[in-house]
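> Sharing a structure, written as structure tokens. Questions coming.
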Amino acid sequence: MQLSPNQRFNEALIKTAVLLYQVDGLVSLTEQDYLEELINDLKWQSPICKDAFLTQAIHEARVANDTGDAFEFLKSQADELNFDAAKVLEVAMGITGVDGERSEHETELLHYLTHKLLARELTMPHTVAHAS
-1 MQLSPNQRFN EALIKTAVLL YQVDGLVSLT EQDYLEELIN DLKWQSPICK
49 DAFLTQAIHE ARVANDTGDA FEFLKSQADE LNFDAAKVLE VAMGITGVDG
99 ERSEHETELL HYLTHKLLAR ELTMPHTVAH AS
């Protein structure tokens, strides 16, 4: 089955959010609640249920963090994330700040997202948001 651009974005957004909340090694209940609300609000159009996808995303993000490949993990999703760069920035800022502090590594990943992967899309004027 061919996934829609919006669904590919949703999946990349979940993977990114999971990576960002895991990166400091401490997963708070507020971060988990934020992620759960984000996922519940997404228009899901995949034959894979959200819970199964989330379980796989958690595993992939954990492996990326454990092996020092967090930047490469984000880079591999850049095309999908640029579908709605503003939403990615909103979620990235939200999930890294919801627990009241941003670790140095969270800040580095935010910088990479905004200044490398999403920079072009974030600086282009848009009149309509793409995804939800």
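In terms of our numbering, the sequence shown has 21 at position 23, counting the first letter as 1, and numbering is strictly consecutive.
C-beta: ideal position from N, C-alpha, C; glycine also.
Label Gln30 either buried or exposed according to how many other C-beta atoms from any shown protein chain fall within 10 Å of its C-beta, with 16 as the threshold for buried.
Within the sequence shown, residue 30 is the residue found at index 32, counting from 1. Counting Cβ neighbours within 10 Å, Gln30 comes out exposed, since fewer than 16 surround it.
> Could you tell me whether the segment 56 to 73 touches the segment 6 to 20, where touching means 3 or more Cβ pairs closer than 8 Å?
yes
> According to the Cβ coordinates, are Ile37 and Lys48 closer than 9 Å?
Counting from 1 along the sequence shown, the entry for residue 37 is found at position 39. Counting from 1 along the sequence shown, the entry for residue 48 is found at position 50. Contact flag set, yes.
> What did DSSP end up calling Gln20 once you bin it into helix, strand or coil?
Residue 20 sits at position 22 when you count from the first residue of the sequence shown. Helix.
> Which residue marks the beginning of the alpha helix (DSSP H) containing His103, and which one marks its end?
Translated into the one-based positions of the sequence shown, residue 103 becomes position 105. His103 -> alpha helix (DSSP H) spans 102 to 110.
> Measuring only the C-alpha atoms, how far is Lys41 from Ser2?
Against the sequence shown, residue 41 aligns to sequence position 43. Against the sequence shown, residue 2 aligns to sequence position 4. Each residue's CA atom was taken as its position, placing Lys41 and Ser2 some 11 Å apart.
> Classify Gln54 as helix, strand or coil using the three-state DSSP reduction.
In the sequence shown, residue 54 corresponds to position 56, counting from 1. In the three-state scheme derived from DSSP, where H, G and I count as helix and E and B as strand, Gln54 is classed as helix.
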